[in-house]
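Numbering (this note's numbering), first residue to last: 23 to 147.
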């Protein structure tokens, strides 16, 4: 139970990676997780399972990429399919978008209700 979240909630919240992309100027990482970065769906989970992810050879931080070098995953994303307790939820959400939407909404609501404390401003390189 990390930060008040169980395994299912952690995986559900990770599904937010269906949206957006990483930018080197903001996080150091580079690329989108899915080919539809403006569409909230369960594609993130399907891609985690279906693609053979390889270490990206570049000067930035450690990340994975697909064979076409168009998509990326972070090390924390790949943990979701390497750990059996997380993977069962990846598999569930890859096959059932409505279940993902339902669980995500509950976990996101919990995230909002928990709030934040001790935030520290950072200087991105």
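Built from N, CA and C at the ideal position, the CB exists for glycine as well.
Computed from a prediction, not measured in an experiment: that's the story for all the values here.
Could you tell me the alpha carbon to alpha carbon distance between residue i and residue j, rounded to whole angstroms?
i: residue 119; j: residue 61; result: 13 angstroms
i: residue 39; j: residue 142; result: 23 angstroms
i: residue 82; j: residue 46; result: 8 angstroms
i: residue 90; j: residue 108; result: 26 angstroms
i: residue 66; j: residue 121; result: 14 angstroms
i: residue 106; j: residue 42; result: 27 angstroms
i: residue 144; j: residue 138; result: 16 angstroms
i: residue 23; j: residue 29; result: Note that residue 23 scores a pLDDT of 48, beneath 50, so its modelled location is shaky; the value from the coordinates is reported in the next line. About 7 angstroms.
i: residue 94; j: residue 64; result: 16 angstroms
i: residue 80; j: residue 92; result: 14 angstroms
Residue i and residue j: beta carbons closer than 7 angstroms?
i: residue 35; j: residue 129; result: yes
i: residue 53; j: residue 44; result: yes
i: residue 49; j: residue 116; result: no
i: residue 85; j: residue 111; result: no
i: residue 96; j: residue 26; result: no
In the DSSP assignment, the alpha helix (DSSP H) including residue i goes from what residue to what residue?
i: residue 57; result: Per DSSP, residue 57 belongs to no alpha helix (DSSP H) and is neither H nor E.
i: residue 19; result: For the chain, the structure presents residues 23 to 147; residue 19 sits outside this window and is missing.
i: residue 68; result: 65-72
Check whether the Cβ of residue i lies closer than 7 angstroms to any Cβ atom in chain D.
i: residue 100; result: Any reference to chain D falls outside this structure, which holds one protein chain only.
Item to check | At least 3 beta-carbon pairs within less than 8 angstroms: the segment 94-110 vs the segment 58-78 | outcome: yes
Next on the checklist: My parser needs the alpha helix (DSSP H) runs of 4 or more residues fully inside the segment 80-118; what are they?
Outcome noted: 97-104, 106-117
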